[in-house]
Structure formats: C-alpha cells, structure tokens
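*Asks:* Chains as they are written, first to last, in this note's numbering: chain A, 29 to 244; chain B, 29 to 244; chain C, 29 to 244; chain D, 29 to 244.
The C-beta atom is built at its ideal place from N, Cα and C for all residues, glycine as well.
Since this is a predicted model, take the numbers as computed values, not measurements.
There are 4 protein chains.
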Amino acid sequence: MLEEDLILQQLLNEDDILTEKQKKIIVAAIESFSEKGFAATSTSEIAKKAGVAEGTIFRHYKTKKDLLLSIVAPMMAKLLAPFILKDINKVLDRQFETYEDFLRAMVENRREFLVKNLPIIKIMLQEIPFQPELREQFKEHVAKDTFRRFATLVEHYQAKGQLIEMPSMSAVRLSASAIFGFLLARYLIVPEIEWDDETETERTIQFVMHGLSRKA
Amino acid sequence: MLEEDLILQQLLNEDDILTEKQKKIIVAAIESFSEKGFAATSTSEIAKKAGVAEGTIFRHYKTKKDLLLSIVAPMMAKLLAPFILKDINKVLDRQFETYEDFLRAMVENRREFLVKNLPIIKIMLQEIPFQPELREQFKEHVAKDTFRRFATLVEHYQAKGQLIEMPSMSAVRLSASAIFGFLLARYLIVPEIEWDDETETERTIQFVMHGLSRKA
Amino acid sequence: MLEEDLILQQLLNEDDILTEKQKKIIVAAIESFSEKGFAATSTSEIAKKAGVAEGTIFRHYKTKKDLLLSIVAPMMAKLLAPFILKDINKVLDRQFETYEDFLRAMVENRREFLVKNLPIIKIMLQEIPFQPELREQFKEHVAKDTFRRFATLVEHYQAKGQLIEMPSMSAVRLSASAIFGFLLARYLIVPEIEWDDETETERTIQFVMHGLSRKA
Amino acid sequence: MLEEDLILQQLLNEDDILTEKQKKIIVAAIESFSEKGFAATSTSEIAKKAGVAEGTIFRHYKTKKDLLLSIVAPMMAKLLAPFILKDINKVLDRQFETYEDFLRAMVENRREFLVKNLPIIKIMLQEIPFQPELREQFKEHVAKDTFRRFATLVEHYQAKGQLIEMPSMSAVRLSASAIFGFLLARYLIVPEIEWDDETETERTIQFVMHGLSRKA
DNA sequence: GATGAATGAGCTTTCATTCAT
DNA sequence: GATGAATGAAAGCTCATTCAT
Chain A
29 MLEEDLILQQ
39 LLNEDDILTE
49 KQKKIIVAAI
59 ESFSEKGFAA
69 TSTSEIAKKA
79 GVAEGTIFRH
89 YKTKKDLLLS
99 IVAPMMAKLL
109 APFILKDINK
119 VLDRQFETYE
129 DFLRAMVENR
139 REFLVKNLPI
149 IKIMLQEIPF
159 QPELREQFKE
169 HVAKDTFRRF
179 ATLVEHYQAK
189 GQLIEMPSMS
199 AVRLSASAIF
209 GFLLARYLIV
219 PEIEWDDETE
229 TERTIQFVMH
239 GLSRKA
Chain B
29 MLEEDLILQQ
39 LLNEDDILTE
49 KQKKIIVAAI
59 ESFSEKGFAA
69 TSTSEIAKKA
79 GVAEGTIFRH
89 YKTKKDLLLS
99 IVAPMMAKLL
109 APFILKDINK
119 VLDRQFETYE
129 DFLRAMVENR
139 REFLVKNLPI
149 IKIMLQEIPF
159 QPELREQFKE
169 HVAKDTFRRF
179 ATLVEHYQAK
189 GQLIEMPSMS
199 AVRLSASAIF
209 GFLLARYLIV
219 PEIEWDDETE
229 TERTIQFVMH
239 GLSRKA
Chain C
29 MLEEDLILQQ
39 LLNEDDILTE
49 KQKKIIVAAI
59 ESFSEKGFAA
69 TSTSEIAKKA
79 GVAEGTIFRH
89 YKTKKDLLLS
99 IVAPMMAKLL
109 APFILKDINK
119 VLDRQFETYE
129 DFLRAMVENR
139 REFLVKNLPI
149 IKIMLQEIPF
159 QPELREQFKE
169 HVAKDTFRRF
179 ATLVEHYQAK
189 GQLIEMPSMS
199 AVRLSASAIF
209 GFLLARYLIV
219 PEIEWDDETE
229 TERTIQFVMH
239 GLSRKA
Chain D
29 MLEEDLILQQ
39 LLNEDDILTE
49 KQKKIIVAAI
59 ESFSEKGFAA
69 TSTSEIAKKA
79 GVAEGTIFRH
89 YKTKKDLLLS
99 IVAPMMAKLL
109 APFILKDINK
119 VLDRQFETYE
129 DFLRAMVENR
139 REFLVKNLPI
149 IKIMLQEIPF
159 QPELREQFKE
169 HVAKDTFRRF
179 ATLVEHYQAK
189 GQLIEMPSMS
199 AVRLSASAIF
209 GFLLARYLIV
219 PEIEWDDETE
229 TERTIQFVMH
239 GLSRKA
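Printed below as a string of structure tokens:
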C-alpha cells in the first residue's frame, strides 16, 4: 500500500501548507475524538494537548464541528479507493482472474487501510449517526458509489459463470459482511486476543467463495 | 416472541413500582440518547421532554450516567436470551435437528428483538466504546457468555458431522457476521429501501450453510 | 403623578411574583446598561453587581438581549400615558380649556416621568438605533400612536380657533421640539447648571404659544 | 457649502498623505460604527470590510478607541463652523440684517452639513455618553464655544431691539430646539416620509421668530 | 508598511447537580 | 416525592492586540 492511504498524512500535507500549529491541532483532535467521542471532547482539551491557545483552533476552524468534518470527510472518499478502476470491466480480467483473487486483494488492501487509520475510522463510525453532513457523505460515497462499483464487479463474475445467480446487492452484502465482520472483530472488537491473520483471512475468503461460487 | 423481550417494557415494570414520572424520564431519555447521543443530550432536555422538573431526574438517578446505565445494562443480559438453554447439549437435538434450523430460529428471534428495541440498541452500540462500565458488561455478557454458548452449539453440530471442522470461534464469527451484517443493513444502515425479508433471510442462512456444512 | 409611572417599580412588581434575585438582576442591569451601554456591559458584571451567579441571569432571560428588551419594552407603552384619554375630544374641553393648559399639564407630566425613569430612558434612546425590535416598538407606540393622538389634540384646538392653521404634523413637531429640547437640555445635556425650572418651563410654553396661537 | 464641510473628505486628505489602506479603514469603520455601534463592531469586521489585514489597523491606530476618536474628533471642531466669525459683532450687520436672516442661513448650512456627514454624526451622538474624551470635547466645542458665540449673536440682535428681552441662554435653547428638532425629525427619526423641505424650513423659522421677536 | 497567525483574556451561554420549600 | 431556583464550573467562541516575517 502506498503512503497515500494514510489519511492523517494526507490531512497534514493537504492542499496548501498548514501551520505547524494546525497540524498539532488535527493530531490532538483525532486522538481525543477517538478516545472520548466528539461531544465529550472539549476544545480546551484539544488546545492543551496540541500545545496551542484555544483561540488558535477557532482561527482555523470556524466551529468545533468544522474541525470534526475536516478530519472525517477526506476519509469518506478514500473508502472508494480499491474500486477506482477506469473502464472497470476491461481491466478486470487482467487484474483478477477470479472473484476469489479480487476478494483476496481487497481484504488485504482494506486491512492495511483500516490499521493505519483506525482512530479516524472509529470517529467516523461513531459520528455518522449524529452528524447529518457525514451521513450525507457516507450515503453518497459508500452506500452509493462504493456499493455500485462492487456490484458491477460481482455482475462481471456472474456473467463469466464464476458466481451463482443472485441479486448483486445480496452478493455484495454477504461478501462485505464476511470481510468487515472479520476486520471489525480483528481490529476493533477483540484485538487483544491472538489472531492467526493469514489463516483467518483465507478462511473468510473460502467461506464467501463457498457461498457464492458456482460448483464446478 | 414474548412480550418480555421488550426491554422498555421490562424497564418500566421493573423491580417494584416505578412512579409515572420515573417511567416518563426513561422513555424521554431513550428517545434523546438515541437521537443525539448521550454526551450531546442535556438533562434539562430530558426533563422537558418527560414533563418533569430537572431535580426529579436526580432524585431517581444520582448522575446522568446512572440514568444511561439503568437503560442500557438490562439490554446486555437480554442479548444472551436465545442461548439460555439448560443442559444445552441434551436439549439441542430435540429442539433443532440441524444447525440450519437453529440459525433460522435465531435470526427470527434476534430480528424481533432488534426491531422492538432499536433505540436502546443504538444507544448501546454508541456508548460501549466510551463507557468502561458498559464495555465491561459487554465483554462479560456478550463477548464471553453469548459467544461461549454459541461456540458450544457449533461444536455440537460439528460433532454430529453436520459442520466442517474449523475452530468454533471462526465458525461463530462467520455465522454472526452474516446474520448481523444482514440485520444491520436491514434495520440500521439502509432501512429505507424495500426488503424482501423472507428471501433475504433464507439467502443469508443458505450462504452460511454453504460455507460451513459438510457436503453431503 | 402616580407611583405607577415608575417603570422600575412596575418591572419589579410585574405580572407574577419575581424572585428577589430577579429584581436585583434588573436593577443591576439598568444601572450598568445606562452607564456603559448595552454592548459594553458584560453579563458577568451584571451578575457581580446583582450578587447572583451568572447562570441565574440566563435562567430568567434566555439571552442578554432578552434582558435588555424586558427592561426597555414596558417603557415604550408608558410614553403614551399622557394621551390615553377615552373619547378624547369630548373630554378635552372640560380638562383643558386651552392648548396652553394642555401643554403645561403635559410638560409637568413628562418631566416627572423623565426624572423618575432617567436611566431606562437613556438606555432606550441609546439602543433604539441598533435593536430592530425596539425600533419597531418605538415606531408603533411613539411615532404612530403618541403622534396621532397629539395631532388629534392639535386639530381640536385649531377647530376651536385657538391655534393657527398649519398641518397638525408640523404643529406637533414644533411643540414637541420645544418641550423635549427643554427637558433634554435640563436633564440630560447640561443638568449640572442651575435651572430656574418654573421660569424656563413657562418661557418654553409661551414660546410655543406665540408661535402657534391665533393672535387674539 | 464648500467641500471642506465633508468631514470624511477632510479625514481622508488629512495631515499628510494617507495610504490607500488607511483611507479604506476609515471608510469601513465609519460604516460599521454607525450601523452597529462602536462596542458592537469588531476590528476584524472593519479589516474585512476595508480589505486589509487586521494588523494593519493597529499599525495606524494604537487601539480601537483611537480609531473612533480619529473619526469623531474632527467633527466636533466643525460644528463650530457657522459661528466662526472674526470680530463677530462688526461683521454681523453686514452679513445678516436680521436674526431671521441669520437663522435661515444657519439652518441651510447645518442641513447640508448634517446630510453630508450623517453617519459620523450618528456615531458622535451615540458615543458621546460613553466616551469621556468625546464628552470633554463636546462640552468644550459645542456646549461652550458654539453656545457662547450663538449667545453673543442673540444678544447683538436683542441690543438692536429686534428680539425680546430674555436670557440669551433661553433664546439659544429655544432656537436650537426648533432647528435641531426639525433636522432630527427630517433626517434621523422619520426620513422615510415625504418632506416639503422649503415649507417646513420656513415654518420653523417663522415659529422661532414669532416666539422671540419684538412685535413691531 | 503590511500581513495574518497566534494569543489569552473575556465573552455569552449551557450544564449537571444541589437544596430549600 | 417533586419542584425549580440557584449555582459555578466549564463549554464554545470572539476579541483586541502583538509580533515574526
């Protein structure tokens, strides 16, 4: 995975040149928001952790919510990353002979993404239910864009006879449930137990393939 | 499903006799917490919505967090419900001939539970990451008790040769991912689209069975 | 003049029963607003002067501006007072044989009103240009109601042949200018010099009468 | 009226050469102060409106109050303008045969002055009660200088037998009340109604003359 | 001379909690 | 048990002012 997957890295180098102080504010905000939640984190706490005056936060972000959005919004777009393929169908055959190959690549890709951006992802998951702006972006980028591309992929392999007939929506849901169920358990719910990552990944992929592939 | 699955019902009839006011406080708190989150809900708002004086809340619940815990804690225990079987193995054969039967029963059972308790479940999911007491209870009741009983069940069907060999933890994870992936999508993420509940439920169960059952 | 002309008195006894603390807040606010202006007065300063916690202010007045309006608004209505006469024309002859009598009564009346309510009047004059709500009330009660009744009076004396023909608006403006020019100079602009009140009042009235009365 | 009566013009050409930026600051400050009041206007707002950096304001004016004073102070001196007559008594006969002529000239003169400087005058009237420096200047230039010269004029016409005997202070007050009552109503209180300027001006002057002149 | 990031005191307002009635 | 006035700490945010560039 390229460094560009590190959202934090992107936030800090972003657009124009950010002040040192601005960067510290972002880092501090991510840490606090992810530890205590957005509403329970005070701006004075962020300022103290960042080593800046409280006013400095508001010079760069009009409101506390602005600060939140500036952190979480870029994340949304990045969730699309593994599906951004120009002329998706033509490219597919060369890239991934089988749905299994695709799944394997995606799990690996999303796993790295998740690991590197865990705090921001926690913030995102927590705040989507309460911040209409975020819900909007989520629906746009994930529920629509990402889902649609995933579905196109599934249909492609169905057409090739690799996958059983089933509404692509259902196939996507079942695939995504298995993958994200794995990643969530692994990194968010019970990260403290010992995981044999390779085995569990392969097991998850095989599980999906058994459920979706046409028996040869 | 029995009425006793309605957590709210239980909360309101609980223990001894609650005042009318107390009941109104709980109902109001559930509504507000689930809509705006715990930290973003003020006690004065709850008081207003419940039609009681601010002081009345604190007469019954020492702190705001006490109020939260009094709502969410009973939920935890109830998540165990479908697994509470005395002498589990002996009972199983008679109750559910196959793992498939068990899955079908559980999905239906949890679905009703989810639908009836949606707001409280939302609160629970939101607050577990931030409230140590809740995390503790969750680990105890769900990650340990519920998981352990689920695992015992899986091992039972493995022993009978119905399910393939695989660490029961993995089998539980894959089963649970599929089921909760379905229920989450259905009731929390995209409840607004039209769902053919029966078909999708069956599809989900078949998906799990394909992935886990020994090919006859 | 009756005690009821004391706006402060009315504010404090108003409507229902006000807390001791509420009364102190009003008294303190009037003092500070009139000394330093609304925008330059902080709520913490008012709280300190009133001997209450800052939160107490906001328990009774939703915002700082609410506090201002609650003080100034009642003043507006009271400016109408000397003109509130039922069936104004019929009553007039018996009450005031001549316009001069009326003027004399009104000057005396408004003088007492002014003296007793000086701080609130200062606040009102200062804030009308900046508070749209107040401007609205002012236009309604003063520029419209008060002016219209004053004009009716003038027309009455014109009809009796006591006053020269002239648009009543002009006659009112000239009368009011003289009276308020006197009262402003006397009590707001140069209150520090020694005034022979009786003589100056009479001089002002004679000045108006010379300008407006039909030469006998 | 000469251009020199335009205070803004004077402010901008003042002293030496002002930067373009400085001029913009003054124009912006006048607009904001007159619209929202001094205390309710922020320097950042002025900077934005002027199109300069916040720091630039403080390069030219040590404090926000300095900026206010630099705008209002020159106004004070200018209020004297129509009375600045060298060897006042000797000049008078040639300039104004009668008090009526003088009044007429002055009303016209002050009217133009008022119209051209309305925003600055509004600021001045608003801030005099709260800024000791301004009150001092006002007392010096207006309440003393201007008043004294006005009084001298009145005494001149009394000595010539044109005006009735009366303390000159009272005569000045009555004259000034009528004139400023007119101008205030015309340009500040109810500028929105239609005014027949010529008629009302003449009416005001005749009103004063009736009240003050010796009946021939 | 001009900038605008940075400051920190102070602003208005909210909040969980207390307590006399 | 219930009230709601009162609290004061802390919240989010604004402000005049400074200063390195």
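(1) Using a beta-carbon distance below 7 angstroms, is R214 of chain C in contact with chain D?
(2) Kindly indicate which three-state DSSP category I85 of chain B falls into: helix, strand or coil?
(3) Answer with yes or no whether the minimum CB distance from L97 of chain B to chain A is below 7 angstroms.
(4) Does S241 of chain C come out as helix, strand or coil in the three-state DSSP assignment?
(5) Runs of 3 residues minimum, wholly inside the region 123-175 of chain A: which ones carry the beta strand (DSSP E) assignment?
(6) Determine the burial state of L30 of chain A: buried for a count of at least 16 other Cβ atoms within 10 Å of its Cβ, exposed for fewer.
(7) Assuming I99 of chain C is part of the alpha helix (DSSP H), what are its boundary residues?
(8) Can you tell me whether DSSP reads L181 of chain A as helix, strand or coil?
(9) Please look up how many angstroms separate the CB atoms of H238 of chain A and H238 of chain B, rounded, as I've assumed it's under 8 angstroms.
(10) If you check the beta carbons only, do T91 of chain B and K49 of chain B fall under 7 angstroms apart?
(11) Which residues in the same chain as L131 of chain A place their Cβ atom closer than 8 angstroms to its Cβ, once the five residues preceding and following it in sequence are excluded?
(12) Between the alpha carbons of K188 of chain B and A68 of chain B, how many angstroms are there, rounded?
(13) Name the residue from B:D173, B:K51, B:A171 whose alpha carbon lies nearest to the alpha carbon of A78 of chain B.
(14) Leaving aside the five residues before and after Y89 of chain C along the sequence, list all residues of the same chain whose C-beta is less than 6 angstroms from its C-beta, in chain order.
(15) Is there a Cβ of chain D sitting closer than 7 angstroms to that of S72 of chain C, yes or no?
(16) Determine the chain C residues that contact T232 of chain D at a beta-carbon separation under 8 angstroms, and present them in chain order.
(17) Is any beta-carbon of chain C found at less than 7 angstroms from that of A68 of chain D?
(18) Just the chain D side, please: which residues come within less than 9 angstroms of S158 of chain C by C-beta, in chain order?
(19) Mark I192 of chain A as exposed unless 16 or more other C-beta atoms lie within 10 angstroms of its C-beta, in which case mark it buried.
(20) Rounding to the nearest angstrom, what Cα-Cα distance links R87 of chain A and E82 of chain D in this structure?
(21) Run the CB neighbour count on Q165 of chain B, radius 10 Å, all protein chains shown included, and call it buried at 16 or more, exposed below.
(22) When you compare the CB of G239 of chain D with every CB in chain C, is at least one pair closer than 7 angstroms?
(23) Is L191 of chain B helix, strand or coil by DSSP?
(24) Give the single residue among A:M152, A:W223, A:V182, A:Q159 whose Cα lies nearest to the Cα of E125 of chain A.
(25) Starting from A171 of chain A, find everything on chain B with Cβ-Cβ shorter than 8 angstroms and list it in chain order.
(26) Could one say the Cβ of S198 of chain B lies closer than 7 angstroms to chain A's Cβ atoms, at least one of them?
(27) By the three-class DSSP mapping on this structure, what secondary structure does D224 of chain D have?
(28) Buried or exposed, going by whether 16 or more other CB atoms sit within 10 Å of the CB of Q123 of chain C?
(29) Taking the alpha helix (DSSP H) that S205 of chain D belongs to, which residues open and close that run?
(30) Measure the Cβ-Cβ separation of S198 of chain C and R214 of chain D and say whether it is below 7 angstroms.
(31) Have a look at C:I53, C:A179, C:K64 and flag the residue whose alpha-carbon is nearest the alpha-carbon of Q159 of chain D.
(32) Excluding the 5 residues flanking L146 of chain C on each side, which residues of the same chain have their C-beta closer than 7 angstroms to its C-beta?
(33) Is any beta-carbon of chain A found at less than 7 angstroms from that of G209 of chain B?
(34) Below 9 angstroms on C-beta distance, what does S60 of chain A contact in chain B?
(35) Below 7 angstroms between beta carbons: does that hold for L211 of chain B and L162 of chain B?
(36) Taking CB distances under 7 angstroms as the criterion, tell me whether A206 of chain B reaches chain A.
*Replies:* By the coordinates alone:
(1) On the third sequence, position 186 is the one that residue 214 of chain C refers to. Put simply, the CB of R214 of chain C is far from chain D, with every gap to its CB atoms at 7 angstroms or more.
(2) The residue you call residue 85 of chain B lines up with position 57 of the second sequence. The answer is helix: DSSP assigns I85 of chain B an H, G or I state.
(3) Here residue 97 of chain B corresponds to residue number 69 of the second sequence, with the count starting at 1. Not an interface residue.
(4) Translated into positions along the third sequence, residue 241 of chain C becomes position 213. Strand.
(5) For secondary structure counted as the beta strand (DSSP E) over 3 or more consecutive residues, the region 123-175 of chain A holds no complete run.
(6) By one-based count along the first sequence, residue 30 of chain A stands at place 2. The predicted position of L30 of chain A is uncertain, since its pLDDT is 49 and thus under 50; a value taken from the coordinates is nonetheless stated next. So L30 of chain A counts as exposed.
(7) Position 71 of the third sequence, counting from 1, holds the residue named residue 99 of chain C. Start and end: 92-106.
(8) Here residue 181 of chain A corresponds to residue number 153 of the first sequence, with the count starting at 1. L181 of chain A: helix per DSSP, three-state reduction.
(9) Numbered from 1 along the first sequence, position 210 holds the residue referred to as residue 238 of chain A. Numbered from 1 along the second sequence, position 210 holds the residue referred to as residue 238 of chain B. Right, their Cβ atoms sit about 5 angstroms apart.
(10) Translated into positions along the second sequence, residue 91 of chain B becomes position 63. Translated into positions along the second sequence, residue 49 of chain B becomes position 21. For the 7 angstroms CB-CB criterion, T91 of chain B and K49 of chain B do not form a contact.
(11) Residue numbering aside, residue 131 of chain A sits at position 103 when the first sequence is read from its first letter. Excluding residues within five positions, the ones whose Cβ falls inside 8 angstroms are S203, I207, I233, V236, M237.
(12) For the purposes of this step, residue 188 of chain B is identified with residue 160 of the second sequence, where counting begins at 1. For the purposes of this step, residue 68 of chain B is identified with residue 40 of the second sequence, where counting begins at 1. Taking the straight line joining both Cα atoms gives about 51 angstroms.
(13) Here residue 78 of chain B refers to the residue found at position 50 when the second sequence is read from its first residue. Distances from the alpha-carbon of A78 of chain B to those of B:D173, B:K51, B:A171 put B:K51 closest.
(14) As a working note, residue 89 of chain C is residue 61 in the third sequence. Closer than 6 angstroms at Cβ, skipping near neighbours: L95.
(15) Here residue 72 of chain C refers to the residue found at position 44 when the third sequence is read from its first residue. With respect to chain D, the C-beta atom of S72 of chain C has no partner C-beta closer than 7 angstroms.
(16) In the fourth sequence, the residue the question calls residue 232 of chain D occupies position 204. Under the 8 angstroms cutoff, chain C gives L202.
(17) Taking the first residue of the fourth sequence as position 1, residue 68 of chain D is located at position 40. Judged by the 7 angstroms Cβ criterion, A68 of chain D is in contact with chain C.
(18) As a working note, residue 158 of chain C is residue 130 in the third sequence. According to the sequence shown, residue 158 of chain C is Phe rather than Ser. Under the 9 angstroms cutoff, chain D gives E63, K64, G65, A68, Q154.
(19) Residue 192 of chain A sits at position 164 when you count from the first residue of the first sequence. I192 of chain A comes out exposed.
(20) Mapped onto the first sequence, residue 87 of chain A falls at position 59. Mapped onto the fourth sequence, residue 82 of chain D falls at position 54. C-alpha separation (whole angstroms): 13 angstroms.
(21) Counting from one through the second sequence, the residue named residue 165 of chain B turns up at place 137. Flag for Q165 of chain B reads buried.
(22) Translated into positions along the fourth sequence, residue 239 of chain D becomes position 211. So yes, G239 of chain D belongs to the interface.
(23) Reading the second sequence from its first residue, position 163 is the one you call residue 191 of chain B. If DSSP states are grouped into helix, strand and coil, L191 of chain B belongs with the strands.
(24) Residue numbering aside, residue 125 of chain A sits at position 97 when the first sequence is read from its first letter. Taking only the C-alpha atoms, the option nearest E125 of chain A is A:V182.
(25) Here residue 171 of chain A corresponds to residue number 143 of the first sequence, with the count starting at 1. Near A171 of chain A (Cβ distances below 8 angstroms), the residues of chain B are I217, V218.
(26) Residue 198 of chain B sits at position 170 when you count from the first residue of the second sequence. Yes, contact with chain A.
(27) On the fourth sequence, residue 224 of chain D is found 196 positions in, with the first residue counted as 1. It is coil, neither helix nor strand.
(28) In the third sequence, the residue the question calls residue 123 of chain C occupies position 95. With fewer than 16 other beta carbons inside 10 angstroms of its own, Q123 of chain C counts as exposed.
(29) The count along the fourth sequence starts at 1 and reaches residue 205 of chain D at position 177. For S205 of chain D, the enclosing alpha helix (DSSP H) covers residues 196-212.
(30) Numbered from its first residue, the third sequence carries residue 198 of chain C at position 170. Numbered from its first residue, the fourth sequence carries residue 214 of chain D at position 186. The answer is no: Cβ separation not under 7 angstroms.
(31) Against the fourth sequence, residue 159 of chain D aligns to sequence position 131. Of the candidates C:I53, C:A179, C:K64, the residue whose Cα lies closest to the Cα of Q159 of chain D is C:K64.
(32) Here residue 146 of chain C refers to the residue found at position 118 when the third sequence is read from its first residue. Excluding sequence neighbours, L146 of chain C sits near Y215.
(33) Taking the first residue of the second sequence as position 1, residue 209 of chain B is located at position 181. Nearest CB-CB separation between G209 of chain B and chain A: below the 7 angstroms threshold.
(34) By 1-based counting over the first sequence, the position of residue 60 of chain A is 32. The contacting residues do not exist; S60 of chain A stays about 12 angstroms from chain B at best.
(35) Within the second sequence, numbered from 1, the residue matching residue 211 of chain B stands at position 183. Within the second sequence, numbered from 1, the residue matching residue 162 of chain B stands at position 134. Inclusion of L211 of chain B and L162 of chain B in the CB contact set at 7 angstroms is not warranted, their separation being larger than that value.
(36) Looking up residue 206 of chain B in the second sequence gives position 178. Output row for A206 of chain B: interface = yes.
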